[in-house]
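The UniProt record's numbering numbers the first residue of the sequence shown as 1 and each following residue consecutively.
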Amino acid sequence: MSPRDEIPVLKGEDGEGSVQVHQDPDMKIEGAKVFSVYGKGGIGKSTTSSNLSAAFSMLGKRVLQIGCDPKHDSTFTLTGHLQPTVIDVLKEVDFHPEELRPEDFVTEGFNGVQCVEAGGPPAGTGCGGYVVGQTVKLLKQHHMLEDTDVVIFDVLGDVVCGGFAAPLQHADRAVIVTANDFDSIYAMNRIIAAVQAKSKNYNVRLAGCICNRSDGTDQVDKFCDRVGFKRIAHMPLVDAIRRSRLMKKTLFEMPDDEDIVQCRAEYIRVAETLWNGTEPLAPEPLPDREIFELLGFD
1 MSPRDEIPVL KGEDGEGSVQ VHQDPDMKIE GAKVFSVYGK GGIGKSTTSS NLSAAFSMLG
61 KRVLQIGCDP KHDSTFTLTG HLQPTVIDVL KEVDFHPEEL RPEDFVTEGF NGVQCVEAGG
121 PPAGTGCGGY VVGQTVKLLK QHHMLEDTDV VIFDVLGDVV CGGFAAPLQH ADRAVIVTAN
181 DFDSIYAMNR IIAAVQAKSK NYNVRLAGCI CNRSDGTDQV DKFCDRVGFK RIAHMPLVDA
241 IRRSRLMKKT LFEMPDDEDI VQCRAEYIRV AETLWNGTEP LAPEPLPDRE IFELLGFD
């Protein structure tokens, strides 16, 4: 085994200065390939997640996308509207899940993609990890995971606290969305550290990063070469992606313009790559000083 195949020892990992709560074995998602999508706030995770879900569905896979953001707009382009969140629906029945039906919290979107918005606690209170846990519990109670091939968690911004790392307890692979700029790569570096900490106790491993909304990839590639990471896709800065959001559609429902067709092909390629299995990457995140020296301003 090469050094790159080994999970690096990180300071501040689970169990060092934090309490690692092991999930109930009954909450394990069986039978589906599970991916968590992370990245800096506003980098395009929801757009990436939704188009990935659409791409998997075009490959004939049964897909479930779970939005893990209080904005509950992860599945907006798949369904064409903002749907109620799991946490809001549970409040309406005084947290008695047995009173709910699947259609109360699951919406069918483009090409049969099943869409769920976990929501989040009120600002400054509660924990996002609790919300994710309740969502998975509810889905299992209603047998919504039994006929699913792919589950995609679209996770809130660049928050890497234990709560919003909760989807990593379920995921097989984590994908990071970044742009070709310092701030996005800095956030990616921190997310790598969070995933590596969780991988000590869970099966999750990093699949790679998607360079999004960027004309070039030189800074992302420089970082990946340095830490032992991998760029698995490049989504260029094209206006079609912005327009699709405004039209409440995935790229797969947009007109067959050349740039849209090219982006669709890239999403299909990434979906095939993830479905076929990726090498479990174990990059070693850089200390702040080193990432500034590598990518910082002159």
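Here a beta-carbon is modelled for each residue, glycine too, at the ideal position from N, C-alpha and C.
From a predicted model like this one, the values you see are computed outputs, not experimental measurements.
I need the straight-line Cα distance from A54 to R269, nearest angstrom please.
12 Å
Report yes if the C-beta distance between T48 and I210 is below 8 Å; otherwise report no.
yes
What residue does the beta strand (DSSP E) around Q65 start on, and which one ends it?
63-68
Span separating the alpha-carbon of P3 from that of I191:
Unreliable placement is indicated for P3, whose pLDDT of 44 sits below 50; no coordinate value is reported for it.
Pairwise C-alpha distance: E290 and V152
At residue 152 the sequence reads Ile, which differs from the Val that was named. Near 32 Å, if we compare the C-alpha coordinates of E290 and I152.
Put D239 into one of helix, strand or coil per three-state DSSP.
helix
Quick check on the burial criterion: 16 or more other C-beta atoms within 10 angstroms. Buried or exposed for N189?
buried
Give the list of continuous alpha helix (DSSP H) stretches no shorter than 4 residues that lie fully inside the region 239-263.
239-246
At which residues does the alpha helix (DSSP H) containing Q219 begin and terminate?
218-227
Can you tell me which of E146, D259, S184 puts its alpha carbon nearest to the alpha carbon of E30?
E146
Just mark M235 as buried or exposed, buried being the case when its beta carbon has 16 or more other beta carbons within 10 Å.
buried
The alpha helix (DSSP H) that contains E117, what's its start and end?
Careful: E117 lies outside any alpha helix (DSSP H), inside the beta strand (DSSP E) at 114-117.
Could you please give the first and the last residue of the uninterrupted alpha helix (DSSP H) stretch that includes N111?
Counting along the chain, N111 falls outside any alpha helix (DSSP H), and DSSP gives it neither H nor E.
Indicate the three-state DSSP secondary structure (helix, strand or coil) for G296 in the structure shown.
coil
Please report the straight-line C-alpha distance between V19 and K198, rounded to a whole angstrom.
At V19 the pLDDT is 46, less than 50, meaning the model places this residue with poor confidence; the figure from the coordinates comes in the next sentence. The straight-line gap from Cα to Cα measures roughly 12 Å.
Just to check my reading of the structure: L251 and C263 have Cβ atoms closer than 8 Å, yes? What is that Cβ distance to the nearest angstrom?
5 Å
Span of the beta strand (DSSP E) around A174:
173-178
Among the residues of its own chain, which have a CB less than 7 Å from the CB of M1, if the five just before and after it don't count?
Residue confidence is low: M1 scores 46 on pLDDT, short of 50, so the model does not pin down where it sits. No coordinate-derived value is stated.
Spatial distance of P280 from R173 (CA atoms)
8 Å
Nearest-angstrom Cβ-Cβ length linking F182 and L286, presumed shorter than 8 Å:
The pair is not a contact, with the Cβ atoms about 12 Å apart (cut-off 8 Å).
Cα-Cα separation, G12 to A194
Residue confidence is low: G12 scores 48 on pLDDT, short of 50, so the model does not pin down where it sits. Its coordinate-derived value is still stated next. Spanning the two alpha carbons is a distance of roughly 10 Å.
Residues in its own chain within less than 6 Å of P283 by CB, not counting five upstream and five downstream?
I192, V227, G228, F229
Assigned exposure category for K200 - 16 Cβ within 10 Å defines buried:
exposed
Residues that DSSP places opposite D154 in a beta bridge:
V37, G67
With the cut-off set at 8 Å, would you say S46 and D73 are in Cβ contact?
yes
For A118 and V106, believed in contact at Cβ under 8 Å, the rounded distance:
Rounded, the Cβ-Cβ distance is 12 Å, inconsistent with contact.
Once you ignore the five residues that flank E293 on each side, which residues in its own chain have a CB closer than 8 Å to its CB?
none
Please report the residue range of the alpha helix (DSSP H) in which I185 lies.
182-198
Measuring straight from C-alpha to C-alpha, what distance separates E103 and C68?
19 Å
On the three-state DSSP scale, how would you describe I291?
helix
Beta-carbon contacts of A207 that lie in its chain and below 6 Å, excluding the five residues immediately before and after:
R173, V175, T278
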